[in-house]
Amino acid sequence: MSHAAARLGLPDTLATVTTDRPRLRFAPSPTGYLHVGGARTVLFNWLHARRTGGELILRIEDTDTERNRPELTENILDMLQWLGLGWDGEPTYQSARMNLYREAADRLFASGRAYWCDCTAEASQARAKERGGPPGYDGFCRDRALGPGPATALRFRSPDDGATTFEDLIRGTVTVENSTLEDFVLLRSSGTPTFLLANIVDDADMAITHVVRGEEHVNGTPKYLCLGDALGLDYRPVFAHLPVLVNEGRQKLSKRRDSVSVQEFKDQGYLPSAIVNYLALLGWGPKDGVEIRPLEEFVEQFRLEDVTSSPAFFDVKKMQHVNAEHLRALPLPEFLDLARPFLTRGAEAEAALEPIAALVQERVRLLTEVERMIAFLFDEPLEIDEASWTKAMVKGKAAPEMLDASITGLDALGDWAAETIRTAIEAAAVSVGLVNAEGHAQLSKAQGPIRVSTTGRSVGPPLFESLEALGRERTLARLRAARERL
RNA sequence: GCCCCCAUCGUCUAGUGGCCUAGGACACCACCCUCUCAAGGUGGCGGCACGGGUUCGAAUCCCGUUGGGGGUGCCA
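Just so you know, we're using my numbering here: the first sequence kicks off at 1229 and counts up by one.
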């Protein structure tokens, strides 16, 4: 199996059967942690590559040496791996290919398609404001015949007439008048290339067949294409511009405002499979309507051309639901393994979790919720939730009697097991008159005071199993302590 | 301002001219189940932005309006 095939986990036959298989790329820039928007972009690239037997290349766009934070590249790579969205071959770093972009820039200058400009951003903004026209660069230096220098940037001489059209798998045909394209910067005064230049040079050089990226790039596409033409590149990839992900204010998700880094969700106890599952549902949906499913099935069903074209709200509530579903579907040992890193008390918490793990598993939405659910089993003074206490002890019926009767009954128990505990508590309930019409114990009422006394809360895993795990000594001690407090 | 894109329940979506008195999921509400909470079950709430066309017939096609978003950086 080829190295590339191994990274994507593709069978060799699939990886080599066609000579002209699709080549896609994910091109993050290390200016921030990997966030859910980026993760969704990789996912759609990845799904299309996997389904079509294509390749997915990872390209780190680190040409802006000023803003670049190399340590973030590690996070991006880690998170991609953690999500299970691998790439083919070694990642490419644009910082290692600067010569390629400079050569392209030189060619553009030599052919008259680019010119040097010494306007500062402030100056061109001031001019725009003064003339009251549209913001943006006005072509001030177009014919000044400036040469390179410490404060000059190379700009592209955008075509003045004609129109640029491209086909988008998601949006159909998009046409833009070339006259609306401003003369954008190719080379910064520092000599480093900008996004558009590096982008087209690399996509063509790497023979990328499908450019799948966020909607925010739609407007840049005509510039990218004009640049390619000016470079004499006979290159036209297929485009697919994914709808942006938005927050509750319907604004594009931003790392600043919204806390949406993949790392953060990982730390909160989301499963990678759940994140990926949820993300696949944003801007796209399986034809059969089955939303909760493994990645492999998304590979089979996913079609780029079926992606929606309107922005999608990133709904944490729904992602939590998806996570809960994935958590419950886990084999118990696996659930324990995954929960372990979230247990801040180490061995003690592990020991506490073990006997009631299955009961906890079906009750948590996030792995971070596990510890709180078993906190009553820790060897330390019980923290009692006041609202729960009031509800069960003050407003609840016959709390003192119920506690007394349970203490007596449980103290006399031979076998300390969930079933015998249940029997004892039922008997206690009957003895204090907490019975239904048939004369059976009314456990829904009777369990309240006991639950709050022993676990500190009114909600939690089933009581009898919890008490079995708590043990006779601690159960009785807590029951007595609660009785005294009444 | 200019350019581009978008428009089905609160949210994510199904729907590609008749199968739609618009289907599913999340959220919410009620009931059932039940030792609490979850889970599960049943039901409910709730939508084709508006106006014109085209057509025997439009959520679906066309035009316009309105609304929203994205871009307009020596960020990507």
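Built from N, CA and C at the ideal position, the CB exists for glycine as well.
Source: prediction; values computed, not measured.
- The alpha helix (DSSP H) with Gly-1676 in it runs from where to where? 1671 to 1683
- Query: Which of the three DSSP states, helix, strand or coil, is assigned to Trp-1344?
  - Reply: strand
- Query: Hey, would you say Leu-1470 sits closer than 7 Å to Phe-1272, going by beta carbons?
  - Reply: yes
- Query: Tell me which same chain residues have a C-beta within less than 7 Å of the C-beta of Arg-1416, skipping the five on either side of it?
  - Reply: Ala-1381, Thr-1422
- Under the DSSP definition of a beta bridge, which residues are partnered with Leu-1252? Leu-1284, His-1438
- Could you check the C-alpha separation between Gly-1266 and Leu-1473 for me, to the nearest Å? 10 Å
- Query: Below 8 Å, can you find three or more Cβ-Cβ pairs linking the segment 1304 to 1317 to the segment 1557 to 1564?
  - Reply: no
- Message: Which same chain residues end up closer than 7 Å to Arg-1708 when comparing Cβ atoms and leaving out the 5 residues on each side of it in sequence?
- Response: Ile-1635
- Item | C-beta contact flag for Leu-1532 and His-1276 at 7 Å | yes
- Should Glu-1701 go down as buried or exposed, given a rule of 16 or more other Cβ atoms within 10 Å for buried? exposed
- Item | Same chain only: Cβ atoms within 8 Å of Phe-1530, ignoring 5 sequence neighbours per side | Phe-1272, Leu-1275, His-1276, Arg-1279, Ala-1508, Trp-1512
- Query: Of all the options Val-1270, Arg-1355, Arg-1341, which has the alpha carbon lying nearest to the alpha carbon of Asp-1316?
  - Reply: Val-1270
- Message: With a threshold of 8 Å on Cβ separation, who are the neighbours of Ala-1697 within its own chain once the five nearest residues in sequence on each side are excluded?
- Response: Ala-1580, Pro-1583, Ile-1584, Leu-1605
- Task: Pull up the distance between the alpha-carbon of Glu-1519 and that of Ala-1615, whole angstroms please.
- Result: 38 Å
- Helix, strand or coil at Gly-1456 according to DSSP, with G and I counted as helix: helix
- Query: What's the C-alpha gap between Ala-1391 and His-1438?
  - Reply: 22 Å
- What residue from Gly-1456, His-1554, Val-1488 has the CA that sits closest to Asp-1543's CA? Val-1488
- Message: Using only the alpha-carbon positions, how far apart do Glu-1599 and Met-1630 sit?
- Response: 29 Å
- Query: With distances taken between CB atoms, is the gap from Arg-1287 to Thr-1320 smaller than 7 Å?
  - Reply: yes
- Which class does Ser-1230 belong to by DSSP, given the choice of helix, strand or coil? Per-residue confidence for Ser-1230 stands at a pLDDT of 32, beneath the threshold of 50, marking its modelled position as unreliable; the derived number appears in the next sentence. Reduced to three states, the DSSP call for Ser-1230 is coil.
- Message: Considering only DSSP beta bridges, list what Tyr-1321 is partnered with.
- Response: Ile-1288
- Task: With a 10 Å radius around its C-beta and 16 neighbouring C-beta atoms as the bar for buried, classify Pro-1250 as buried or exposed.
- Result: buried
- Message: Using a 10 Å radius around the Cβ and a threshold of 16 neighbouring Cβ atoms, would you call Ala-1349 buried or exposed?
- Response: exposed
- Message: Using C-beta distances below 7 Å, list every residue in its chain close to Ala-1342, excluding the 5 sequence neighbours before and after it, in chain order.
- Response: Ala-1333, Leu-1336, Leu-1382, Arg-1383, Phe-1384, Arg-1385, Leu-1414
- With Asn-1427 and Tyr-1463 assumed to form a contact (beta carbons below 8 Å), what rounded beta-carbon distance in angstroms separates them? Contact doesn't hold; Cβ gap of about 12 Å is too wide.
- Message: For Asp-1433, which residues in the same chain have their Cβ closer than 8 Å to its Cβ, ignoring the five residues on either side in sequence?
- Response: Leu-1328
- State the beta-bridge partners of Lys-1480 as determined by DSSP. Val-1474
- Message: Assuming Ser-1672 and Thr-1683 are in contact, meaning their beta carbons sit under 8 Å apart, how far apart are those beta carbons, in whole angstroms?
- Response: Going by Cβ atoms, the distance from Ser-1672 to Thr-1683 rounds to 16 Å, so no, they are not a contact pair.
- Query: Is it true that the CB of Phe-1467 sits closer than 7 Å to the CB of Phe-1394?
  - Reply: yes
- Item | Spatial neighbours of Val-1527 in its chain, beta-carbon cut-off 8 Å, leaving aside the 5 residues before and after | Leu-1275, Arg-1278, Arg-1279
- Between the segment 1405 to 1412 and the segment 1362 to 1378, do at least 3 Cβ pairs fall closer than 8 Å? yes
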